[in-house]
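Right, one structure below, let's go through it.
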Amino acid sequence: MLAAPVKSYGSTEDIKVFGQSYQLNLTVYNNNTAFIKDIRNVSLPPGKTELKFDGVPSQLRPETVYLTGIGPGSDMINVLQQKYNYNLADKKSILDSYVGKDLKLITYDRDNNPERTVEARLLSNRSSPIYKIDGEIYLNHPGTPVLPKISSEFIGKPELSWTVKTDKNFEGQLKASYLTGGMNWRANYNLIKNGDKKSAKLVAFVALDNKSGADYKDAAVKLIAGKINTARRSGRSADMLYSAAKAPLSESLSREKLSGYHQYEIDGKINIKNNQKKQVKLFSAQNIPVSQDFVTQSNSRYYTTNYSDKGIRQDVNIYTGFNNNKKSNLGIPMPAGVIRVYEPDSSGSMQFTGEDNIGHTPSGEDIKILTGSAFDIVCRRKQSDYKNLYNNTYETEWVIT
Numbered sequence: 369m370l371a372a373p374v375k376s377y378g379s380t381e382d383i384k385v386f387g388q389s390y391q392l393n394l395t396v397y398n399n400n401t402a403f404i405k406d407i408r409n410v411s412l413p414p415g416k417t418e419l420k421f422d423g424v425p426s427q428l429r430p431e432t433v434y435l436t437g438i439g440p441g442s443d444m445i446n447v448l449q450q451k452y453n454y455n456l457a458d459k460k461s462i463l464d465s466y467v468g469k470d471l472k473l474i475t476y477d478r479d480n481n482p483e484r485t486v487e488a489r490l491l492s493n494r495s496s497p498i499y500k501i502d503g504e505i506y507l508n509h510p511g512t513p514v515l516p517k518i519s520s521e522f523i524g525k526p527e528l529s530w531t532v533k534t535d536k537n538f539e540g541q542l543k544a545s546y547l548t549g550g551m552n553w554r555a556n557y558n559l560i561k562n563g564d565k566k567s568a569k570l571v572a573f574v575a576l577d578n579k580s581g582a583d584y585k586d587a588a589v590k591l592i593a594g595k596i597n598t599a600r601r602s603g604r605s606a607d608m609l610y611s612a613a614k615a616p617l618s619e620s621l622s623r624e625k626l627s628g629y630h631q632y633e634i635d636g637k638i639n640i641k642n643n644q645k646k647q648v649k650l651f652s653a654q655n656i657p658v659s660q661d662f663v664t665q666s667n668s669r670y671y672t673t674n675y676s677d678k679g680i681r682q683d684v685n686i687y688t689g690f691n692n693n694k695k696s697n698l699g700i701p702m703p704a705g706v707i708r709v710y711e712p713d714s715s716g717s718m719q720f721t722g723e724d725n726i727g728h729t730p731s732g733e734d735i736k737i738l739t740g741s742a743f744d745i746v747c748r749r750k751q752s753d754y755k756n757l758y759n760n761t762y763e764t765e766w767v768i769t
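Residue numbers in the sequence shown follow this note's numbering, run continuously in steps of one, and reach 769 at the last position.
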């Protein structure tokens, strides 16, 4: 249920503060950006009204904000002005506002009881406070500053405010849409091999990282995978750019293409607090055929350098591979992330055997995971012939064991 708006009165306008979202939609990109659509129930009287939404992120991009009405009569709402208020109260900013004004300095004893009170005038608050006390200047005076009141220009949390005008009463919903920084996501995969080590289960999770400066409660979350250019702006509405219908895929995931990217929709609503990381299941697949390959790779310098009689020892890398297609019970565009491989030992206990980064992988592509270097397999190469034919042209011969 939406809490009733809090009313207070200014000189000529009603101020309506709406604190709880009726519907909250987050589209999170993997470039530290999120697109927020915050819908709230409103009740507006005729004439001008100062309207405020609190609980917005401190990393909100003010130039991207726009307000639209929803429902019958919403076209009569005229937005005259919009502001992003982020003058948050902290010790320095509050003291800065008292430069040139009088305050008290109170010292306390060991039991934290007031011991002495001094009347002072704050002259400056740059690197440290400078006070004038009894006609003398003190660069470093003990005591806790105590102020008679705090300026009304300070707020506890960032807020959006609009001056709107309507010709008659409006009972409905308003949607504030904007971009914010500080929201990111990354895919994490667990590839768990079965006992035969020829097949595996793949479980994909999304790690949501919220450093935007706001909490999000009961939010519908969509994820965009792909490299998006945030410097470019479009004249179309953000709804046209970002909204999309569900396309069921598997378990808790729906996915679709969106303007060259891939969009994933998390099932259900999510709560994520500021400065919190949260793991959400993306999808899982069973009985994926997997392979294990031992690969050793040469280096370009081997073909341009005379190694004479010196032998070279090369590591043999271990790769676990599978194909991202429907035949392998997958065929899902897999966003970039870290994939970790686990396999059972002789006792059946699962062990971690390595991890690797993968890029955005479309359906039908092979995935190769470098898990480490082989212990019992060694590659040795020895140069048996070397010729510098001319300039940067060489001819070499190698024996590889």
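Just so you know, even glycine gets a beta-carbon here, dropped at the ideal spot from N, CA and C.
Since this is a predicted model, take the numbers as computed values, not measurements.
Residue of the options minimising C-alpha distance to residue i
i                 : options                        : result
valine 467        : Asn667, Gln719, Ala488, Asp753 : Ala488
lysine 750        : Thr729, Ala742, Gly679         : Gly679
proline 497       : Asp464, Tyr629, Gly722, Thr672 : Asp464
tyrosine 675      : Glu504, Lys420, Trp766         : Trp766
isoleucine 841    : Lys641, Asn693, Glu723         : Absent from the structure is residue 841, since the part of the chain shown begins at 369 and ends at 769.
glycine 423       : Ile404, Ser717, Val571         : Ile404
glutamine 665     : Ile656, Gln654, Gln682, Ala653 : Gln682
methionine 718    : Lys384, Gly563, Gly503, Pro510 : Gly563
proline 440       : Pro510, Gln541, Met551         : Gln541
glutamate 763     : Ser580, Ser668, Ser567, Gly716 : Ser668
threonine 761     : Ser696, Ser741, Ser731, Tyr670 : Tyr670
isoleucine 560    : Ala402, Val709, Ser731, Asp713 : Val709
alanine 653       : Leu576, Lys755, Ser567, Tyr584 : Ser567
phenylalanine 421 : Gly732, Asn578, Gln450, Ala402 : Gln450
valine 514        : Arg484, Ile505, Thr534         : Arg484
aspartate 744     : Val684, Leu757, Asn725, Thr395 : Val684
lysine 384        : Leu392, Leu419, Asn642, Thr395 : Leu419
asparagine 787    : Lys736, Asn692, Ala742, Lys637 : The chain is shown only over 369 to 769; residue 787 falls outside these bounds and no answer can be derived.
methionine 551    : Thr395, Gln647, Thr673, Pro413 : Thr395
tyrosine 629      : Lys641, Leu491, Ala555, Gly594 : Gly594
Neighbour-count burial assignment, residue i, 16 or more Cβ in a 10 Å radius
i                 : result
serine 545        : buried
glutamate 711     : buried
glutamine 644     : exposed
phenylalanine 651 : buried
proline 516       : exposed
glycine 689       : exposed
asparagine 759    : exposed
threonine 769     : exposed
isoleucine 518    : exposed
proline 703       : buried
arginine 478      : exposed
asparagine 537    : exposed
serine 376        : For serine 376, the predicted model reports a pLDDT of 34, less than 50, meaning its position is unreliable; a value from the coordinates is still stated below. Per the 10 Å Cβ criterion, exposed.
arginine 408      : buried
alanine 613       : Bear in mind that a pLDDT of 27 at alanine 613, under 50, signals an unreliable position, so the number given afterwards is only what the model happens to contain. It counts as exposed.
valine 746        : exposed
phenylalanine 662 : exposed
valine 574        : buried
serine 752        : exposed
threonine 729     : buried
glycine 727       : exposed
serine 602        : Caution applies to serine 602, whose pLDDT of 42 falls short of 50 and renders its modelled position unreliable; the value that the coordinates give is listed next. Exposed.
serine 715        : exposed
tyrosine 476      : exposed
isoleucine 445    : buried
serine 495        : exposed
serine 389        : buried
Cβ distance (whole Å) where residue i is taken to contact residue j below 8 angstroms
i              : j              : result
serine 411     : glutamate 539  : 5 angstroms
glycine 350    : asparagine 453 : The chain is shown only over 369 to 769; residue 350 falls outside these bounds and no answer can be derived.
isoleucine 592 : tyrosine 434   : Isoleucine 592 to tyrosine 434, Cβ: 20 angstroms. No contact.
valine 486     : leucine 473    : 5 angstroms
valine 532     : threonine 417  : 6 angstroms
isoleucine 700 : threonine 739  : Contact doesn't hold; Cβ gap of about 22 angstroms is too wide.
aspartate 406  : lysine 543     : 7 angstroms
asparagine 493 : lysine 460     : 7 angstroms
DSSP bridge partner residues for residue i (one or two, in chain order)
i                 : result
glycine 705       : Ala555, Ile726
arginine 315      : Because the chain is modelled from 369 through 769, residue 315 falls outside the range shown and cannot be assessed.
leucine 738       : Tyr687
tyrosine 466      : Per DSSP, none; premise fails for tyrosine 466.
arginine 669      : Its beta-bridge partners do not exist; DSSP assigns none.
phenylalanine 573 : Asn556, Lys649
glutamate 765     : Asp753
alanine 593       : His630
asparagine 453    : Glu527
asparagine 393    : Lys405, Ala588
serine 659        : Gly689
isoleucine 638    : Ala587
proline 482       : Tyr476
methionine 718    : Pro712
contact_flag[the segment 524–538, the segment 421–430] where n(CB pairs < 8 angstroms) is 3 or more: yes
Touching or not, the segment 575–591 and the segment 627–639, by the rule of three or more beta carbon pairs under 8 angstroms? yes
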